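Position in the sequence shown counted from 1, then plus 27, gives you the numbering used here.
Just so you know, even glycine gets a beta-carbon here, dropped at the ideal spot from N, CA and C.
Just so it is clear, the structure is predicted and the values come from calculations on it, not from any experiment.
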Amino acid sequence: MEKAVEVLKVLKKTYPNAKYYLNFKTPLELLVAAILSAQVRDEVVNVSTPALFAKYGKAEDYAKASVSDLLKYISKITFAGNKAKHIIEACKMLVKNHNGKVPKTIAELTELPGIGRKTAIVIMTNAFDIVEGVVVDTHVIRLSYRLGWTKNTNPEKIEKDLNALIPKQYWKETQWLLKAHGRAVCQAPTPYCSKCVVSKLCPKVGVKKSL
């Protein structure tokens, strides 16, 4: 636990401006952006969402839209058709079951199409500041394994390992920091261990070659 906290403190000094990476102003905007972000670079999502958000401000607006309506705004997004369907169906459920509001529990969020546990935690953490666990994305999976924080490859098992290892006060920023470091230094498949600020704290599990 102490070594994990030390790593996070060093990373926080290195990436003082690390924050959640998708642009949004409301819980609904985050829900939509999070659905769109699966297997898509954040930059692509952030370019696509401003016009979409300007057109559709409420869950009721999305619920009345057609897939072709949404595709006008999200054509650059991977699997745009499926994601448009998920957004529309999710918003229909929000209107029917939650008065058009985004719910604040993992159980309710994961009932919505296109929302798994990771996305539910993303929404709760970043829209409501309700922190139920560490968000486990591809960067967190890679770095937590290399750091020796987990031996698992399943995201939910990794989350349990990290929740047990890392004090809750650090859960929210863990993903931000590991993602920032993963992009800049601890890349796949070959990390830049020679310029890594936490190299001395890292056992480099599974790293066969580094730069």
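Round the Cβ separation of residue i and residue j to the nearest angstrom and send it over; I've been treating them as touching at under 8 Å.
{"i": "Leu-136", "j": "Leu-170", "result": "Their Cβ separation, rounded to whole angstroms, is 25 Å, which puts Leu-136 and Leu-170 out of contact at 8 Å."}
{"i": "Asn-179", "j": "Asp-188", "result": "6 Å"}
{"i": "Arg-144", "j": "Glu-183", "result": "6 Å"}
{"i": "Ala-61", "j": "Thr-76", "result": "Not a contact, Cβ separation roughly 11 Å."}
{"i": "Gly-141", "j": "Lys-110", "result": "7 Å"}
{"i": "Glu-33", "j": "Leu-228", "result": "6 Å"}
Express the C-alpha separation of residue j and residue i in angstroms, rounding to a whole number.
{"i": "Val-122", "j": "Val-129", "result": "9 Å"}
{"i": "Leu-38", "j": "Trp-176", "result": "16 Å"}
{"i": "Glu-116", "j": "Lys-91", "result": "10 Å"}
{"i": "Asn-190", "j": "Val-162", "result": "10 Å"}
{"i": "Lys-235", "j": "Leu-98", "result": "43 Å"}
{"i": "Ser-95", "j": "Asp-88", "result": "14 Å"}
Which word fits residue i, buried or exposed, when buried means at least 16 other C-beta atoms lie within 10 angstroms of its C-beta?
{"i": "Leu-238", "result": "exposed"}
{"i": "Pro-230", "result": "exposed"}
Among the options, which one has its Cα closest to the Cα of residue i?
{"i": "Ala-207", "options": "Tyr-197, His-166, Cys-118, Gly-84", "result": "His-166"}
{"i": "Tyr-42", "options": "Lys-227, Ala-211, Lys-222, Ser-221", "result": "Ala-211"}
{"i": "Asp-156", "options": "Leu-174, Gly-141, Lys-131", "result": "Lys-131"}
{"i": "Lys-195", "options": "Thr-152, Lys-222, Asn-109", "result": "Thr-152"}
{"i": "Gly-209", "options": "Tyr-172, Leu-139, Asn-124", "result": "Tyr-172"}
{"i": "Cys-223", "options": "Leu-174, Ser-93, Tyr-100, Pro-140", "result": "Leu-174"}
Would you check if there are 3 or more beta carbon pairs closer than 8 Å linking the segment 68–83 to the segment 36–51?
yes
For the pair the segment 57–71 and the segment 94–109, tell me if three or more CB-CB distances fall below 8 Å.
yes
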